[in-house]
Amino acid sequence: DVISKVTEFGPWTSVALRDVMRSAWRQNNLQTLYSASQVLAALDKSLYYSERFIGKGEIIDYTVSQASLSDAVSQNKTMSAAVLNELQKTRVDGALILMNNYSARLTEVKELLAASRDIREKQLDVLAPKIAQAFSNLQIAITEQQKTLDGAVTSTVSTAKSGTIFTGIAIV
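Numbering (UniProt numbering), first residue to last: 1 to 172.
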């Protein structure tokens with residue numbers, strides 16, 4: 001499911017950035033700690049707007065989410081260039097990979113929602129009235145047939161009643 005990938009990669013990126021921050025704090029690397037917190041703030045904004053986009057389907061939320069994510073990616077690249085510790089650089093670059101995956105999945109969700117909206121508006125909105133009319137016609141036909149059958153049932157009951165009375169009189 002494409003949407004679950006968005007909700008998976010986004011939070012995992014947040015976890016990766018928190019790991020960078022924890023490591024920077026242990027190394028007393030305040031610049032990396034600050035940079036990672038800035039990247040995380042931009043990512044959190046992106047996550048918030050992506051959830052709104054998934055929930056409401058409004059393109060403005062997608063645009064804000066992608067812009068915030070682009071900001072986070074840019075800041076992450078700057079942070080990666082400044083980090084000297086190779087292990088820390090690996091963590092920072094890992095977060096970048098997750099952000100890129102998150103961005104790609106979010107774009108896929110946008111395309112999926114656009115295709116769904118297109119189907120709803122151009123196909124279902126056209127077919128739904130035709131289907132409703134067909135059901136209405138079917139209901140009218142069934143009602144008319146039931147009226148015809150009601151007459152046949154009444155006739156059959158009347159004949160059966162007359163036959164029973166005649167048979168009863170003949171026996172007596």
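We put the CB at the ideal spot given by N, CA and C, even for glycine. For clarity, every value in this text was computed on a predicted model and none was experimentally measured.
- Item | Reduced DSSP secondary structure (H/G/I, E/B, other) of leucine 43 | helix
- Query: Below 7 Å between beta carbons: does that hold for methionine 79 and serine 35?
  - Reply: yes
- Query: Does leucine 138 get closer than 7 Å to chain B when you measure Cβ to Cβ?
  - Reply: Chain labels in this structure do not include chain B; a single protein chain is all it has.
- Proximity of threonine 32 and alanine 24 at Cβ, strictly below 7 Å: Yes; because the gap between Cβ atoms is below 7 Å, this pair is in contact.
- Query: If you follow the alpha helix (DSSP H) that glutamate 108 is part of, which residue opens it and which one closes it?
  - Reply: 86 to 119
- Task: Pick out the complete alpha helix (DSSP H) segments inside the stretch 2 to 68, 4 residues or longer, and give them in chain order.
- Result: 2 to 26 and 30 to 56
- Within this structure, are the beta carbons of valine 6 and valine 109 separated by less than 7 Å? Taking 7 Å as the cut-off, the Cβ atoms of valine 6 and valine 109 count as close.
- Query: Going by the CB atoms, is the gap between phenylalanine 53 and serine 65 shorter than 7 Å?
  - Reply: yes
- Helix, strand or coil at valine 83 according to DSSP, with G and I counted as helix: coil
- Query: Among Leu124, Ile131 and Thr107, which one has its Cα closest to the Cα of residue 173?
  - Reply: The chain is shown only over 1 to 172; residue 173 falls outside these bounds and no answer can be derived.
- What separation, rounded to the nearest whole angstrom, lies between the Cα atoms of glutamine 123 and aspartate 1? 23 Å
- Within 10 angstroms of its Cβ, does leucine 43 collect 16 or more other Cβ (buried), or is it exposed? buried
- Going by CA-CA distance only, name the one from Ala104, Leu30 and Thr90 that's closest to glycine 10. Ala104
- Query: Does the beta-carbon of glutamine 88 have 16 or more other beta-carbons within 10 angstroms, so that it is buried, or is it exposed?
  - Reply: buried
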